[in-house]
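Contents: one structure, followed by commentary.
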Amino acid sequence: MSAPLARVPGGIHASVRHDSAAGHVSGSALYLDDIPNVPGSLEAALVLSPHAHARIKAIDLTAALAAPGVVAAILAKDIPGKNDIGPIRPDEPLLPTDMVEYDGQPVAAIAAGTLDQARAAAKLVRVDYEPLAPVLSLDEAIEREQFVAPPQIMTRGDVDAALKTAAHRLSGEFNCGGQDHFYLEGQIAIATPGEGREMHVFSSTQHPTEIQHGVAHLLGIPFNAVTCEVRRMGGGFGGKESQATMIAGIAAVLAWKTRRPVKLRLPRDDDMRATGKRHPFLIRYEVSFDDGGLIDGLDLMLAANGGNVADHTPAVLTRALCHSDNCYWLPNLRFRGYACKTNIVSNTAFRGYGGPQGMFAIETIIEMIARHLSTSPEAVRERNFYGIGRNDVTPYGMKVEDNIIARVLEELDRNVDLARWREEIVAFNRQSTIIKKGLATMPVKFGISFNRPALNQAGALVHVYTDGSVTLNHGGTEMGQGLFIKVAQVVAEAFQIDIDNIRITATTTAKVPNTSPTAASSGSDLNGMAALNAAERIKARMTDVAAEQFNIPAGEIVFQQNRVYAGNRSMSFAELAALSWEKRVSLSATGYYRTPKIHWDFATNSGRPFYYFTYGAAAAEVAIDTLTGESRVLRAELVQDCGQSLNPAIDLGQIEGAFVQGMGWLTTEELFWDEKGRLRTHGPSTYKIPGSRDAPPVFNARILPDAPNREETVFRSKAVGEPPLMLALSVWLAIRDAISSLSDYRLAAKLDAPATPERVLEAVDEIRARAAGSGSAI
Amino acid sequence: MNEMCDISLTVNGERVSERVEARKSLVDFLRDDLTLTGSHVGCEHGVCGACTVRVNGEIVRGCLMLAVQCDGASVETIEGVSDSGEIADLQEAFQKRNALQCGFCTPGMLLTAQDLLSNDQTPSRDHIREHISGNYCRCTGYHAIVDAVESVAQARKGSRK
Chain G
67 MSAPLARVPG
77 GIHASVRHDS
87 AAGHVSGSAL
97 YLDDIPNVPG
107 SLEAALVLSP
117 HAHARIKAID
127 LTAALAAPGV
137 VAAILAKDIP
147 GKNDIGPIRP
157 DEPLLPTDMV
167 EYDGQPVAAI
177 AAGTLDQARA
187 AAKLVRVDYE
197 PLAPVLSLDE
207 AIEREQFVAP
217 PQIMTRGDVD
227 AALKTAAHRL
237 SGEFNCGGQD
247 HFYLEGQIAI
257 ATPGEGREMH
267 VFSSTQHPTE
277 IQHGVAHLLG
287 IPFNAVTCEV
297 RRMGGGFGGK
307 ESQATMIAGI
317 AAVLAWKTRR
327 PVKLRLPRDD
337 DMRATGKRHP
347 FLIRYEVSFD
357 DGGLIDGLDL
367 MLAANGGNVA
377 DHTPAVLTRA
387 LCHSDNCYWL
397 PNLRFRGYAC
407 KTNIVSNTAF
417 RGYGGPQGMF
427 AIETIIEMIA
437 RHLSTSPEAV
447 RERNFYGIGR
457 NDVTPYGMKV
467 EDNIIARVLE
477 ELDRNVDLAR
487 WREEIVAFNR
497 QSTIIKKGLA
507 TMPVKFGISF
517 NRPALNQAGA
527 LVHVYTDGSV
537 TLNHGGTEMG
547 QGLFIKVAQV
557 VAEAFQIDID
567 NIRITATTTA
577 KVPNTSPTAA
587 SSGSDLNGMA
597 ALNAAERIKA
607 RMTDVAAEQF
617 NIPAGEIVFQ
627 QNRVYAGNRS
637 MSFAELAALS
647 WEKRVSLSAT
657 GYYRTPKIHW
667 DFATNSGRPF
677 YYFTYGAAAA
687 EVAIDTLTGE
697 SRVLRAELVQ
707 DCGQSLNPAI
717 DLGQIEGAFV
727 QGMGWLTTEE
737 LFWDEKGRLR
747 THGPSTYKIP
757 GSRDAPPVFN
767 ARILPDAPNR
777 EETVFRSKAV
787 GEPPLMLALS
797 VWLAIRDAIS
807 SLSDYRLAAK
817 LDAPATPERV
827 LEAVDEIRAR
837 AAGSGSAI
Chain L
759 MNEMCDISLT
769 VNGERVSERV
779 EARKSLVDFL
789 RDDLTLTGSH
799 VGCEHGVCGA
809 CTVRVNGEIV
819 RGCLMLAVQC
829 DGASVETIEG
839 VSDSGEIADL
849 QEAFQKRNAL
859 QCGFCTPGML
869 LTAQDLLSND
879 QTPSRDHIRE
889 HISGNYCRCT
899 GYHAIVDAVE
909 SVAQARKGSR
919 K
């Protein structure tokens with residue numbers, strides 16, 4: 067019998083269940099806090115600064131050390147190696163020596179027999195501070211030129227001339243807020259000293275290699291003495307990239323000092339005060355355009371609130387600048403990016419990584435142009451879209467070769483009939499005096515690959531055992547996004563074996579070294595290719611064994627559905643594995659991948675940072691209450707390009723989840739720092755992430771059909787983790803649309819994000835006053 | 759502060775007698791003393807719902823209730839309702855519809871969904887959204903969860919006919 071044509075169950079492009087689904091629904095999937103403590107383990111707690119900026123005059127540990135159960139306390143001086151955990155620039159002490167730079171900064175840590183003992187003792191640490199004036203506003207940081215990294219600039223054409231000569235010119239400024247990741251599982255690490263100088267760290271981290279490096283630097287030991295391991299996180303979203311190092315580092319220093327295992331799990335309030343968030347941005351712009359809305363010149367300033375240290379801010383800013391074009395050709399431009407230093411927590415990676423803020427800027431500007439010209443944002447966008455074969459070069463010099471935004475928008479329109487929907491909204495608003503509805507669309511083009519070329523590499527390790535079972539390991543981490551199952555599908559496809567035969571193992575620096583963070587949506591692209599490479603190497607060796615066994619050319623051996631065929635003869639995959647061992651052929655391989663075509667010049671902010679772009683579009687309908695400022699999303703329709711999706715069910719989950727998370731950023735999630743720089747929204751009782759009633763009651767997310775990636779990605783799929791978050795800008799624009807309806811769509815709302823009820827109410831009153839002043843009927 | 763109390767209760771159908779600190783929360787007791795780690799600690803102030811368990815048939819926040827308050831009570835956790843098969847259909851629907859990602863909220867969400875379906879056999883989507891609104895999920899956007907709960911409600915209704 068020759069090879070059948072049926073597909074292997076659990077191969078690529080199939081909606082295979084999440085590999086941990088059964089464990090998740092039964093509560094048996096283990097998170098770090100579920101691992102039983104080994105005897106002698108200690109629990110840790112942090113002492114946090116109550117000041118945004120202060121000199122440390124003295125720290126008295128006497129009372130804390132005398133408290134019940136306390137075994138050790140650490141300060142900066144107890145760090146045996148280098149006191150720095152900065153991921154990009156060396157400016158971030160694990161614990162401060164003489165100065166605190168934000169409210170919530172850890173200044174000391176306690177290890178005790180129980181968690182209650184550690185937390186109680188932490189309250190007994192006496193720190194004598196001399197408070198200093200904090201810098202809290204972006205305006206002040208810009209004025210003082212207080213930056214965590216040098217300003218960045220992108221230019222093209224003659225923007226000054228363009229701004230002078232155009233028919234219309236607008237200028238102004240607006241803001242978007244930050245966002246707490248609010249991963250349901252808070253930050254946690256368990257450090258266990260081993261023989262000699264070895265240190266093993268379980269960390270809830272998206273970047274085990276950074277934990278390895280951070281711990282090694284802190285302890286003054288080589289990288290090979292530190293092993294970092296993570297099986298799963300209870301959510302990450304970028305918040306467990308650099309931020310996990312602080313937690314693992316403190317646990318490791320305590321473990322080093324006590325020679326006992328130490329677990330550090332932050333209570334939610336400490337987590338929200340001590341660890342970084344999405345960057346708030348201040349945006350200033352001057353834009354010129356013709357009567358039809360064609361943009362001639364754009365002078366744009368993006369100021370990111372980096373917090374007290376550099377962390378990821380320079381890279382987030384670069385990505386923000388690289389997405390301030392979104393889908394539009396801008397002939398004359400000057401983009402300036404400022405990485406502002408302020409006395410708040412260090413802002414960091416968060417799903418989208420500057421992309422959302424860049425698109426927030428350009429799309430809000432486009433909406434303002436539309437109101438100015440009494441036309442629709444869609445009409446303005448239409449005039450400015452990148453061309454095909456012309457007007458297709460981004461501000462950073464990359465040609466847009468894969469532009470399918472027109473197709474994506476057509477697909478959206480075919481699903482929803484936007485013209486009719488718009489008529490319904492306008493008709494509703496005519497008869498409704500208090501509740502006003504808004505409708506808006508949002509196109510997205512998002513660049514895939516880390517901006518820094520070096521990060522675009524990955525490794526994998528695959529073993530085939532003599533019973534035909536396979537273990538799979540790679541450098542990517544699982545935070546719920548479904549990376550592990552997708553990569554397993556790739557390996558199942560390569561070997562043509564049932565996915566149940568593949569065991570997915572925890573990410574560890576001991577198996578695959580020198581990994582990149584699981585970030586930038588790149589997890590499947592990079593690790594899928596590395597695993598495929600490993601599987602193909604083993605498969606090639608097994609193919610030779612089969613060819614020799616059946617005495618036919620290797621090219622005629624076919625792996626299909628758990629069997630290996632040579633014409634009408636065959637053996638099982640397991641039999642071939644056993645035979646390969648018998649013939650002394652290795653059944654283990656490492657795999658490696660590096661993304662082709664990409665390059666980037668940091669000096670000029672130009673190059674081809676992205677292997678490809680992914681596209682999406684959304685339409686959202688909202689209602690606002692003009693008496694209270696409350697808003698509701700009533701309906702959302704999404705189309706997302708996933709290339710040839712590796713797993714449509716998993717990808718759909720990413721699209722829906724990212725959209726609702728993006729909604730939260732733009733509507734309810736308000737980080738409020740008081741005049742002393744204290745975060746006042748540091749728990750879910752005051753910081754409101756979307757709940758089930760906030761999700762759109764009518765919610766249709768679709769994957770763009772028949773859209774294989776034109777680049778040679780893993781089975782022509784595309785990355786999906788971040789891009790759909792920006793589709794939520796449709797909600798932001800729809801709220802603006804609802805407010806604008808109060809001026810008969812002639813004026814743009816004065817509104818910052820998040821569009822909380824307070825801000826919406828202010829914007830409603832403001833636009834009414836302005837419309838009345840200009841003689842408009844409301 | 760460290761006063762100890764003796765408590766006797768039923769956990770997942772088994773009699774349990776333990777000596778616990780008076781200030782220990784129910785979820786810490788379940789996790790630390792009984793190694794029932796399927797109930798998760800998310801926010802520790804009663805908002806996120808990850809620690810949801812059932813006490814005498816009612817869903818409660820395991821972080822807001824003290825272990826000593828459960829003296830004499832019947833406590834059920836995700837492990838118990840998994841073993842009994844009570845929510846097997848909900849568990850299957852959550853897996854099938856991909857109504858979970860990181861999974862941290864899932865046990866609490868399932869217990870809350872079962873609480874709804876025990877009291878309302880034909881909930882509307884609005885009612886489902888309302889009932890699970892005290893359980894946060896940061897990953898899915900809830901749509902798949904509502905779909906999964908709705909499909910189980912319909913299937914249970916069908917099987918009752």
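Protein chains in written order, with the working numbering: chain G, 67 to 844; chain L, 759 to 919.
Glycine residues also receive a C-beta, built at the ideal position from the N, C-alpha and C atoms.
Everything numeric in this text was worked out from a predicted model, so none of it was measured.
Asked	Found
Residue range of the alpha helix (DSSP H) that includes residue 502/G	Residue 502/G -> not in any alpha helix (DSSP H); beta strand (DSSP E) instead, spanning 501-514.
Alpha carbon of residue 447/G to alpha carbon of residue 432/G, nearest angstrom	7 Å
Residues from the stretch 901-916 of chain L in contact with chain G, defined by Cβ distance under 9 Å	901, 902, 903 and 904
Near the ligand MG: residue 877/L beta-carbon under 7 Å from a heavy atom	You won't find the ligand MG in this model; it holds no ligand whatsoever.
Where the stretch 855-875 of chain L meets chain G: residues whose CB sits under 7 Å from a CB there	856, 858, 859, 860, 861, 862, 863, 864, 865 and 868
Bridge partner(s) assigned by DSSP for residue 703/G	685/G and 766/G
Residue 906/L (DSSP reduced to helix, strand or coil)	helix
Endpoints, beta strand (DSSP E) assigned at residue 256/G	254-259
Beta strand (DSSP E) segment containing residue 428/G, residue limits	Run containing residue 428/G: none in the beta strand (DSSP E); it sits in the alpha helix (DSSP H), 421-438.
Buried versus exposed call for residue 665/G [16 or more other C-beta atoms within 10 Å across all chains shown]	exposed
Residue 880/L, DSSP secondary structure in three states	coil
Sequence ranges, alpha helix (DSSP H) only - wholly within the stretch 514-538 of chain G, length at least 4	none
CA-to-CA distance, residue 762/G to residue 834/G, given in whole angstroms	28 Å
Chain L contact for residue 792/G (CB, 8 Å cutoff)	no
Secondary structure, beta strand (DSSP E): runs of 3+ residues fully inside the stretch 471-496 of chain G	none
Cβ neighbour criterion (16 or more within 10 Å) applied to residue 797/G	buried
Closer than 8 Å to chain L by CB, residue 250/G	yes
Secondary structure, alpha helix (DSSP H): runs of 4+ residues fully inside the stretch 301-346 of chain G	309-324 and 334-340
Validate contact between the stretch 846-866 of chain L and the stretch 900-907 of chain L using beta carbons, cut 8 Å, 3 pairs	yes
Every unbroken alpha helix (DSSP H) inside the stretch 127-187 of chain G [4 residues or more]	128-132
Contacts that residue 90/G makes with chain L (C-beta to C-beta distance below 7 Å)	858, 861 and 864
Three CB pairs or more closer than 8 Å across the stretch 385-395 of chain G and the stretch 424-440 of chain G	yes
Rounded separation between residue 516/G and residue 677/G - CA only	9 Å
Sheet register partners of residue 465/G (DSSP bridge)	459/G
Residue 912/L burial status per 10 Å Cβ neighbour count (16 or more: buried)	exposed
Residue 81/G (DSSP reduced to helix, strand or coil)	coil
Nearest-angstrom Cα separation, counted from residue 867/L out to residue 833/L	17 Å
Three-way DSSP call (helix, strand, coil) for residue 243/G in this model	coil
Assigned exposure category for residue 435/G - 16 Cβ within 10 Å defines buried	buried
Span separating the alpha-carbon of residue 321/G from that of residue 270/G	17 Å
Sub-8 Å separation of residue 130/G and residue 139/G beta-carbons	yes
Cβ-based burial, residue 786/L [other Cβ within 10 Å; buried from 16]	buried
Minimum Cβ-Cβ distance from residue 97/G to chain L less than 8 Å	yes
Sequence-distant residues of its chain with Cβ nearer than 6 Å to residue 836/L (five each side left out)	796 and 865
Under 8 Å between C-beta atoms of residue 136/G and residue 183/G	yes
Proximity below 8 Å, CB of residue 656/G to CB of residue 525/G	yes
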